[in-house]
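Visitor:
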Amino acid sequence: MTGASTTAHALARYRAEFPVFERQIYLNTCSLGALARRSRERVAAFLGEWDQRGAAAWYDVWWESLSDLRRGYAGVVGAQAEEIALHASVSTATGVLASALDYASRPKVVTTSLDFPTVTYQWLAKRPLGVQVEVIESPDGVSVPLEAFARAVDDRTALVATSHVYFTSGAVQDVRAIGDLAHAHGALCLVDGYQSVGQIPVDVRSLDVDFFTAGGLKWLLGGPGIVFLYVRREVARRLVPTTTGWFANERQFGFDSRRMDWHQDARRFEQGTPALASVYAQLGGLDLLREIGWPEIFEVTRELAADLTTLATERGLRPNVAPDPSARSAIVMIPSADPPAAVRRLAAAGIVADARPGHVRLSPFFYNLRDDYVAAIEILAGS
Ligand SMILES: Cc1ncc(COP(=O)(O)O)c(C=O)c1O
21 MTGASTTAHA LARYRAEFPV FERQIYLNTC SLGALARRSR ERVAAFLGEW DQRGAAAWYD
81 VWWESLSDLR RGYAGVVGAQ AEEIALHASV STATGVLASA LDYASRPKVV TTSLDFPTVT
141 YQWLAKRPLG VQVEVIESPD GVSVPLEAFA RAVDDRTALV ATSHVYFTSG AVQDVRAIGD
201 LAHAHGALCL VDGYQSVGQI PVDVRSLDVD FFTAGGLKWL LGGPGIVFLY VRREVARRLV
261 PTTTGWFANE RQFGFDSRRM DWHQDARRFE QGTPALASVY AQLGGLDLLR EIGWPEIFEV
321 TRELAADLTT LATERGLRPN VAPDPSARSA IVMIPSADPP AAVRRLAAAG IVADARPGHV
381 RLSPFFYNLR DDYVAAIEIL AGS
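Its first residue numbered 21, the sequence shown is counted upward by one per residue in our numbering.
Okay, structure coming up:
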C-alpha cells in the first residue's frame, strides 16, 4: 500500500461480494465479519432443502455438510479433519475441554488479563472444585511478556490458555514459545485463535499447541453460531470429557443409553446437533475466502492495517498497538476519551467501528479500501 495513494489494491474487486458497502463503510471485522453474498446464498439453499426435503436432507447433504466443514476448517489451520470438533461457540467448546482435564495433581490453569474472558470463565467456574486460576496481568495493556508466563507455569499447571491475537490490543503472541513452556512442565496449551485465523497465517503443527479454537464470527466470514476446536490427535485419544452429547459417540445412531463409545478423534469433544444455517453460512464464507486466496488476503489485510496505523500516528491519534511491527495485526486500537461517543460520530458518517474501554477499535480486512479508514481517521482526529 503506498502511503498517499488512493489506488485500489489487488483484492478491491471482491468488495462487491459484500453488499454492506453499498450502504456503509464497514471497519469492524474483529467484531463480526461482513456478510458475503456467498453466505446468504448458501443459507438460502439450506432453507430450501429444509422446506422441500425435511429430515430426509440429513441423510445425504446435511450430514455431508458437517464433514465438509470439518475438512474446511482443518484446511485453514493445517490440521486433519479428524482433529476438528464443531461447536456453537468458543464457550461451549472450551467448556467441554475444561470438563476433560484432571485437576487432581494439576489444579492450576494459567491465563492472562488480555484474553477473551469467556475462556477464563470456564476455569473460574471450576474454582469450587479446587481449580486454581492464575490470571497474568499485562504491564502495558498490549501484550504479556513470555517471562511472565515462565514465572506462572509450573509442574502443577494443567493448562495454559491464551490468545493468538489479543482482542484487546491486536498484538500477536508467540504461541509456539508459550506452548513449549507449557509442555516443558507437562502442561497442555489451548490457544484462542478467534482473532487470528483468517487475518494472519495459522498452522497448528508449527505452533505445536494441543488445542486451538476459532470460528465464523469474524475473519472467517461465517457469522455467529459456528466454531471449531482443534484437538491434537494424541491428546484427543487420552482425554475423556465429562460434559458431552450424542455427537461424541461413535455409535451415535445405535441409540444405546447404556454405554458411551467415544469417538477416537476430536469428535469426542462435540456435543449436539450443530446449527445448520450457521454451518452453511460458514461454508459459503470459506468458499469465497479460498477462491480469493489466503496469501493475498493476508498480505492485503496486513498492508491496510500498517497503513492505517501510520496514518493514525501521523494525525496524532497515537494508536495503541504492539511496539514491534511484526507483532501487529489488523486490530488497531485508537485511544479515545469517550469511545461510545466517538463511535456514534463515526456511525453518523456511515462508518461502522467498535468501542472498547478507552479505545475505538478499527479492524480493516481485505474488502476495505484506503478511503474507508482515511474517512474514519479524519473524524477521530477532528474530535
Ligand atoms: C478472542 C475471542 N474469543 C472468543 C470470542 C467469542 O466467544 P463465543 O464464541 O463463546 O461467543 C470472541 C468474540 O466474540 C473473541 O474475540
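Where a beta carbon is used, it is the ideal one built from N, C-alpha and C, also for glycine. Small disclaimer: the values here were computed from a predicted structure and weren't measured.
Less than 8 Å between the CB atoms is what I'm expecting for T329 and V341, so what's the real figure, rounded?
Guide: Sure, about 6 Å apart at Cβ, within 8 Å.
Visitor: Output the boundary residues of the alpha helix (DSSP H) element that contains E154.
Guide: Taken as a continuous stretch (DSSP letters only), E154 belongs to no alpha helix (DSSP H), being part of the beta strand (DSSP E) at Q152 to I156.
Visitor: Please report the distance separating the alpha-carbon of R60 from that of R73.
Guide: So the two alpha carbons sit approximately 20 Å from each other.
Visitor: When the Cα atoms are used, what is the spatial distance from E102 to I246?
Guide: For E102 and I246, the distance between alpha carbons rounds to 17 Å.
Visitor: My guess is that F386 and I317 are in contact by the Cβ rule of under 8 Å, so how many angstroms apart are they, rounded?
Guide: Sure, about 5 Å apart at Cβ, within 8 Å.
Visitor: Residue range of the alpha helix (DSSP H) that S298 falls in?
Guide: It spans L296 to I312 - the alpha helix (DSSP H) in which S298 sits, taken as one unbroken run.
Visitor: DSSP state of S86, grouped into three classes?
Guide: Here residue 86 is Leu; the residue named in the question, Ser, does not match the sequence. Three-state result, L86: helix.
Visitor: Report yes or no: do three or more beta-carbon pairs, one from the region 49-56 and one from the region 70-84, lie closer than 8 Å?
Guide: At 8 Å Cβ cutoff, the stretches do not touch.
Visitor: What do you get for F136, buried or exposed, if any count of 16 or more other CB atoms within 10 angstroms of its CB means buried?
Guide: Counting Cβ neighbours within 10 Å, F136 comes out buried, since at least 16 surround it.
Visitor: Looking at the unbroken beta strand (DSSP E) that takes in F386, where does it start and where does it end?
Guide: That residue, F386, is in no beta strand (DSSP E); it is neither H nor E in DSSP.
Visitor: Kindly indicate the opening and closing residues of the beta strand (DSSP E) around Y393.
Guide: No beta strand (DSSP E) contains Y393, which is instead part of the alpha helix (DSSP H) from R390 to G402.
Visitor: I'd like to know whether the C-beta atoms of Y393 and L47 end up nearer to each other than 9 Å.
Guide: Cβ atoms of Y393 and L47: closer than 9 Å.
Visitor: When you compare each of D174, G378, N269 and I45 to A362 by their alpha carbons, which one comes out closest?
Guide: Measuring from the Cα of A362, the nearest candidate turns out to be G378.
Visitor: Within the present structure, is the beta-carbon of S111 separated from the nearest heavy atom of ligand 1 by less than 8 Å?
Guide: Because some heavy atom of ligand 1 lies under 8 Å away, the Cβ of S111 counts as near it: yes.
Visitor: What is the residue span of the alpha helix (DSSP H) that D200 lies within?
Guide: Segment V195 to A204, the alpha helix (DSSP H) holding D200.
Visitor: So G313 and L240 are in contact, right, with Cβ under 8 Å, and what is the actual spacing, rounded?
Guide: The Cβ separation is near 15 Å, so there is no contact.
Visitor: Is P244 close to chain D, meaning its C-beta is less than 9 Å from at least one C-beta of that chain?
Guide: The structure shown contains no chain D; it holds only a single protein chain.
Visitor: Would you say the region 295-302 touches the region 364-377, given that touching needs at least three Cβ pairs under 8 Å?
Guide: Cβ pair count under 8 Å is below three, so no.
Visitor: Can you give me the start and stop residues for the alpha helix (DSSP H) that L166 sits inside?
Guide: It spans L166 to A172 - the alpha helix (DSSP H) in which L166 sits, taken as one unbroken run.
Visitor: Across the region 122-131 and the region 260-267, are there enough close Cβ pairs to call them in contact, namely three or more that are closer than 8 Å?
Guide: Judged by Cβ distances under 8 Å, the region 122-131 makes no contact with the region 260-267, as fewer than three pairs qualify.
Visitor: Could you pull the DSSP bridge partners for T131 from this structure?
Guide: For T131, which the question treats as bridged, DSSP gives the partners V155.
Visitor: Is V173 near ligand 1 - that is, is its Cβ less than 8 Å away from at least one heavy atom of it?
Guide: Answer for V173: no, Cβ out of range of ligand 1.
Visitor: Going by the C-beta, is L237 closer than 8 Å to any heavy atom of ligand 1?
Guide: Yes.
Visitor: Under 8 Å: does the beta carbon of Q215 sit that close to some heavy atom of ligand 1?
Guide: At least one heavy atom of ligand 1 is nearer than 8 Å to the Cβ of Q215, so yes.
Visitor: Since T233 and G213 are thought to touch, with beta carbons under 8 Å apart, how far apart are those beta carbons, to the nearest angstrom?
Guide: At roughly 6 Å, the Cβ-Cβ gap stays under 8 Å, so T233 and G213 are in contact.
Visitor: May I have the straight-line CA-CA distance separating A32 from A118, to the nearest angstrom?
Guide: Approximately 42 Å, taken between the alpha carbons.
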